[in-house]
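Chains as they are written, first to last, in the numbering used here: chain A, 38 to 297; chain B, -1 to 393.
From the three backbone atoms N, C-alpha and C, an ideal C-beta is built for every residue, glycine too.
All figures in this text were calculated on a predicted structure; none of them were measured in a lab.
Have a look at the structure below, then the notes.
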C-alpha cells in the first residue's frame, strides 16, 4: 500500500521536473540534441545548383561546389567554388565560421589571381544575389542563438517541434526565426525569418532529407521565398560525399587558388 | 630558356596520366575606346576598336595533386600595332603536397592588398598596353616552391628570363609623351633579359591580420625612361637596372573596416627610392533597407622621389566610392579620385560592370585627367580623357 504512493510521488516529481523545464530550457535542449545527432560527420562535399527567380518568374542559375570540414568546438570551415555564371567561374570563397567572434573570410579572384580577405560583418547581405543571406549559408552552431520551445504539432503529417530562436549576433539581419523541426531526425523542415522590424521576411522549406553514413541527414532541395520582394531561390543539392579525407590544408589560402 | 620551359611543360602534359578531365573556360571581349579631345600627338589615333581572347585550359590528375594550366592571350587593336599583341599568361605544371607546392613554367603571382596601386606585386611584368591601372600582367617563367608551415607560408622563386614592359606605340592612346621606343631598351646586367632573378616571400594570417614580407633581387620591372633621339624623333629609352626590393603588405580586417598598408624599399645602382600606399576601406552594408553596399576607400600614396617620380603618384590621396548592388547581375561600380597634395591635378576614374544573361558581361571604364601643375607624368595624358565600353562573352 505504501509503495504505490511513493511511486506516484516519484512519478509526480519527475513529471513536475519535466514540466518545470522552462520553454527556454526545452528549446535549448532540442537545439543541443539536434547538434549532437549531427556531429562527427568529419568532412563533406556536395554540388549545388542555385535557381534565382524574380517577381516575374524569370530564372537564372548558378552552379556552386562546396566542401566543408567539421571543426569541433568552433564553427566549420567551408570552401565554395563557383562554376557558373561563366564570368565568375573559378571564383572561390573560403570561410572559417566562429561561434563567438566574427568569421574569417577570403575571396579568390581568378582574373588577378588575388586572394582578398573580406569583412565578415555583412551577415545579412545576400549570397550571390540570391534570397539566402550569408548567415543562412554558414554553419549552424548552438551558441549562435537563444531558444524557446513554442509547441509540438504536425506539419504535413510529420510530428514536429516548433521553436523560436533569436540570433545572438547583433549584426544579424533577423530579430528571430521560427523553426519547425522533424522530431524523428531533428532537422528543420521549415524556417520563418523575421526582419529587424520583426515583420515576416522569408520562409525556407527543406525537402527530401536523405541519410548518409547511416546517420547524417541532408536535404536535396531548399526553397527560400522572400515575402517582401516577391523573389525566391531554390537550392538543389546533389553528389553528397562524406569521408573525403579533407584536412586544414584543403581550406587554406593556397587551396583557394586551385579550387577548380 | 622560355622555349625550354614551354617544351617541358607541354611534355609533362603529354606524359601525364589519362587526359580525362581537361576543363576549359575563358572569354572573348570587344572593346571601344572613345576620346573627347584632339590627341596631344597628332599621330595618335582617335576612337579605337579592339578585340581580345583568353581561353584557359586546366587539367588535374593524380587525385588533384598535379595540375596543368595553359592560358594564352591575344589582342587585335585597330589603331595601335603595339597593342596588337599575344602572350602566354600561364603554361605551368604544379605539384601539390601536404606541406609544399611546386609550380614550374610560365605563371602569374599576385602580392598585395591596396587598391590605388600595387607596389609590392613585382613577380610579373605589367602589360601596360592593356590598361593604365597596371593590373594586367605578362606571364613570367618561374620555378616556385611554396613551403607551408604553422608559422606561415614561405615562397621561393627562381625567375629565369625577364619580360620587357609593354608600351603604347606611335598611334597608341592614351600614352606617355614622348613615346617609349623599345628598340632603345638597355640593361644594367650584361645578361640583359636573360638575367635570372630571385625572390622570397613569407606570408601568414595572424587572427585579423594578413601579413606578407618579401624580397626580390633582379631586373627592375619598372624601367628608367630617358629622352633619346631615334630616327630624328625625340623618344624615351627604357633602361632596366638591377635592384633589391624589400616589400611589406599588411591588412587588418575589423568589422566594417579593412586597414591596408603596402611599402617597398627599392635599392639600385642608378635609382633608389621608397614607396608606400596605406589607408582603409569602410563598407556601409545594406543601404536604405536594400542589398546595396557602399564602400569608402581612402588611400595615401607616397614616393620618396617626389615630383621626379616616374608615376603620377608621389604624394597623393585616392578617395574612392565602391557601389555593390549584390543583385543577380553582380552590378558594381567604383569611382575614384586621385588628387595631388601640392597642386590641383586630379585623375578621376570610373569603372563598372554588370552581367547580361548567363554568359555576357558589360564593363565601362572612364578616365578624366585634370592637370594643373608640374607633374610631367600626368601632363602627357592631359588630352587623353576616355570612355571605354567593353562587352565580354564568357564560357
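Counting C-beta atoms within 10 angstroms of its own C-beta, residue 68 of chain B has 16 or more neighbours from the protein chains shown and is therefore classed as buried. Relative to the Cα of residue 183 of chain A, the nearest Cα in the group A:197, A:158, A:211 belongs to A:211.
Judged by DSSP in its simplified three-state form, residue 64 of chain A adopts helix. Per DSSP, residue 173 of chain A is one residue of the alpha helix (DSSP H) stretching across 171 to 174.
Taken in chain order, the whole beta strand (DSSP E) runs of length 3 or more contained in the stretch 181 to 225 of chain B are 194 to 204, 207 to 217. Going by DSSP, residue 365 of chain B is part of the beta strand (DSSP E) stretching over 358 to 368. In this structure, residue 258 of chain B and residue 28 of chain B do not form a Cβ contact; the two beta carbons are roughly 34 Å apart against a cut-off of 8 Å. Collapsing the DSSP output to three states places residue 125 of chain A in a helix. Sorting B:123, B:384, B:143, B:220 by C-alpha distance to the C-alpha of residue 268 of chain B places B:220 at the top. With a threshold of 8 Å between beta carbons, residue 115 of chain A makes no contact with chain B.
By the rule that beta-carbons nearer than 8 Å mark a contact, residue 392 of chain B touches chain A. Judged by DSSP in its simplified three-state form, residue 303 of chain B adopts coil rather than helix or strand. The beta-carbon of residue 163 of chain B is placed no less than 8 Å from the nearest beta-carbon of chain A.
Residue 179 of chain B places its beta carbon 8 Å or farther from that of residue 238 of chain B. At a cut-off of 8 Å between beta-carbon atoms, residue 291 of chain A makes contact with chain B. By the criterion of a C-beta distance shorter than 7 Å, residue 171 of chain A is surrounded in its chain by 159, 160, 162, 164, once the five residues flanking it on both sides are discounted. Note on geometry: alpha-carbon atoms of residue 302 of chain B and residue 312 of chain B lie some 7 Å from one another. Within the DSSP bridge table, the entry for residue 256 of chain A names A:246 as partners. Neighbours of residue 251 of chain B in chain A, taken as residues whose beta carbon is under 9 Å from its own, are 139, 141, 142, 154, 155, 156, 157 in chain order.
Taking 8 Å as the cut-off between beta carbons, the residues of the stretch 284 to 303 of chain B near chain A are 284, 289, 291, in sequence order. In this structure, the beta-carbon distance from residue 202 of chain A to residue 220 of chain A does not fall below 8 Å. Between residue 158 of chain B and residue 233 of chain B, the C-beta gap is not smaller than 8 Å, which leaves the two residues out of contact. Under the Cβ distance rule, residue 104 of chain A does not count among the residues neighbouring chain B, no pair being separated by less than 8 Å. Residues of chain A with a Cβ closer than 7 Å to the Cβ of residue 65 of chain B are, in chain order, 295. For residue 280 of chain A, there is no enclosing beta strand (DSSP E), as DSSP marks it with neither H nor E. By the rule that beta-carbons nearer than 8 Å mark a contact, residue 143 of chain B does not touch chain A. Taking CB atoms only, residue 57 of chain A has no neighbour in chain B less than 8 Å away. Not a single C-beta of chain A is nearer than 8 Å to the C-beta of residue 36 of chain B. Against chain B, the beta carbon of residue 121 of chain A has neighbours under 8 Å at 356, listed in chain order. Going by DSSP, residue 106 of chain A is part of no alpha helix (DSSP H) but of the beta strand (DSSP E) stretching over 96 to 106.
The CB of residue 163 of chain A comes closer than 7 Å to the CB of 289, 324 in chain B, given here in chain order.
When the Cα atoms are used, residue 48 of chain B and residue 129 of chain B turn out to be separated by approximately 13 Å.
Chain B has a Cβ within less than 8 Å of the Cβ of residue 89 of chain A. Neighbourhood of residue 85 of chain B in chain A, by CB distance below 8 Å: empty, with the nearest CB roughly 15 Å away. Under the 8 Å criterion on CB atoms, residue 206 of chain A is classed as non-interfacial with respect to chain B. Here DSSP, grouped into helix, strand and coil, assigns residue 285 of chain A to helix.
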